[in-house]
Amino acid sequence: MRCIKELSLPELKEWLKENQEPAYRAEQIFHWLYSACVKGFDGMTNLSAPLREKLAGHFEISPLRLSNKLVSFIDNTEKYLLELPDQHTIESVVMPYPRRCTICISTQVGCRFHCVFCASGKKGLIRNLTQDEIVEQVILGKQEGHQITHIVFMGMGEPLDNLDNVIKAIGVFNSPDAFNIGARRMTISTCGIPSGIKKLMDLHLQIELSVSLHAASDELRSRLMPINKQYPLKTLMKELKEYILRTNRQVTFEYIMIDKLNSSDADALMLARLIKGMNCKVNLIPFNTTSVARDFKPPMASEIKRFQKTLTAEGVKNTLRDSRGADIQGACGQLSLSSR
Ligand code: SAH
Numbered sequence: 004m005r006c007i008k009e010l011s012l013p014e015l016k017e018w019l020k021e022n023q024e025p026a027y028r029a030e031q032i033f034h035w036l037y038s039a040c041v042k043g044f045d046g047m048t049n050l051s052a053p054l055r056e057k058l059a060g061h062f063e064i065s066p067l068r069l070s071n072k073l074v075s076f077i078d079n080t081e082k083y084l085l086e087l088p089d090q091h092t093i094e095s096v097v098m099p100y101p102r103r104c105t106i107c108i109s110t111q112v113g114c115r116f117h118c119v120f121c122a123s124g125k126k127g128l129i130r131n132l133t134q135d136e137i138v139e140q141v142i143l144g145k146q147e148g149h150q151i152t153h154i155v156f157m158g159m160g161e162p163l164d165n166l167d168n169v170i171k172a173i174g175v176f177n178s179p180d181a182f183n184i185g186a187r188r189m190t191i192s193t194c195g196i197p198s199g200i201k202k203l204m205d206l207h208l209q210i211e212l213s214v215s216l217h218a219a220s221d222e223l224r225s226r227l228m229p230i231n232k233q234y235p236l237k238t239l240m241k242e243l244k245e246y247i248l249r250t251n252r253q254v255t256f257e258y259i260m261i262d263k264l265n266s267s268d269a270d271a272l273m274l275a276r277l278i279k280g281m282n283c284k285v286n287l288i289p290f291n292t293t294s295v296a297r298d299f300k301p302p303m304a305s306e307i308k309r310f311q312k313t314l315t316a317e318g319v320k321n322t323l324r325d326s327r328g329a330d331i332q333g334a335c336g337q338l339s340l341s342s343r
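All residue numbers for the sequence shown refer to my numbering, where the first residue is 4 and numbers rise by one.
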């Protein structure tokens, strides 16, 4: 059976028309699906009983099943293991803060890019998520009681490798008929695919763009992220400079700090040189241990501080990411296919 959330508002109107129902029902149904986030057609109380039955006879209401939920004792971060119709699983993570609540969602089952430090790419790409599978992760977060204010496309997968569905999902998140979350509250994180960055630029979305950099030399970046062999730093930086110029928006560089690999003073200076003059900031992420790259570890706190100090002295804006959900393997790079 088709999931009703595959339908756009005009498509739903069309379906209603074909079924001799007034078109305005579409907005009501959308409200129930994306605002009230009901779990069944029964909950759509302002629709007639026959219409509710007709809908239930034609459509599924959710493309995902919440098969496990873990709650961090450290910081209340929640991680959901979600089962897709073809039994594959994905994960999403909800991070409640005092005045906002961020959900980190997946865009693919697995990932094709094989960054050596990341658990998500270990088994390669299995498939893209559909628009409704991407959207449903936020609905589930809401059904679990969270007022989601921010969405980050930083879960499993590479958003720019499934850009069409990601863009459709952003449309739903944006829509006043659905979530009404402003694009500025959404962040796409990419391992650095120039054609995807260009496409984003041409769309004039107001989203935040983060780029996983992790190294300031081609030699090291290619070792850590095979994508760098295809799109070396020169190519990536050229595209990003163009993006910044054309969108007038700041880009965030994510930089995992790995002990004895990319975290020395010389590395900080090389990073500063690479991005100097760009409208950007650096988000430092102390390496999170994963089932892959077992010999990597984060540097000592004092070394991270020194790295930050060097960046600041060089005029590079930087922040240190507080890793969340470490006790439930919910932190960056820890989402994997192996948690079933
Ligand atoms: N494919 C996209 C989206 C994933 S975002 C991207 O590469 O940006 C996940 C973020 O967590 C990325 O910045 C990724 O590089 C980072 N990450 C992956 N493994 C990690 C680890 N073990 N420790 C800390 N961060 C990690």
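Note that CB positions come from ideal geometry on N, CA and C, so glycine has one too.
I want to check one thing, is the minimum distance from the CB of residue i to the heavy atoms of the ligand SAH below 6 Å?
i: residue 65; result: no
i: residue 165; result: no
i: residue 273; result: no
i: residue 293; result: yes
i: residue 288; result: yes
Just how far apart, CA to CA, sit residue i and residue j?
i: residue 328; j: residue 18; result: 42 Å
i: residue 215; j: residue 53; result: 51 Å
i: residue 10; j: residue 259; result: 39 Å
i: residue 316; j: residue 275; result: 10 Å
i: residue 81; j: residue 157; result: 15 Å
i: residue 247; j: residue 272; result: 22 Å
i: residue 169; j: residue 184; result: 15 Å
i: residue 146; j: residue 41; result: 8 Å
i: residue 112; j: residue 128; result: 6 Å
i: residue 282; j: residue 210; result: 15 Å
i: residue 79; j: residue 108; result: 17 Å
Does DSSP classify residue i as helix, strand or coil?
i: residue 190; result: strand
i: residue 210; result: coil
i: residue 299; result: coil
i: residue 33; result: helix
i: residue 284; result: strand
i: residue 162; result: helix
i: residue 99; result: strand
i: residue 153; result: strand
i: residue 264; result: coil
i: residue 17; result: helix
Ends of the beta strand (DSSP E) at residue i?
i: residue 130; result: 128-131
i: residue 278; result: Taken as a continuous stretch (DSSP letters only), residue 278 belongs to no beta strand (DSSP E), being part of the alpha helix (DSSP H) at 268-278.
i: residue 68; result: 68-74
i: residue 82; result: 81-86
In the DSSP assignment, find the alpha helix (DSSP H) that holds residue i and state where it starts and stops.
i: residue 315; result: 304-316
i: residue 246; result: 236-250
i: residue 366; result: Here the chain comprises residues numbered 4 to 343, so residue 366 is not present and cannot be evaluated.
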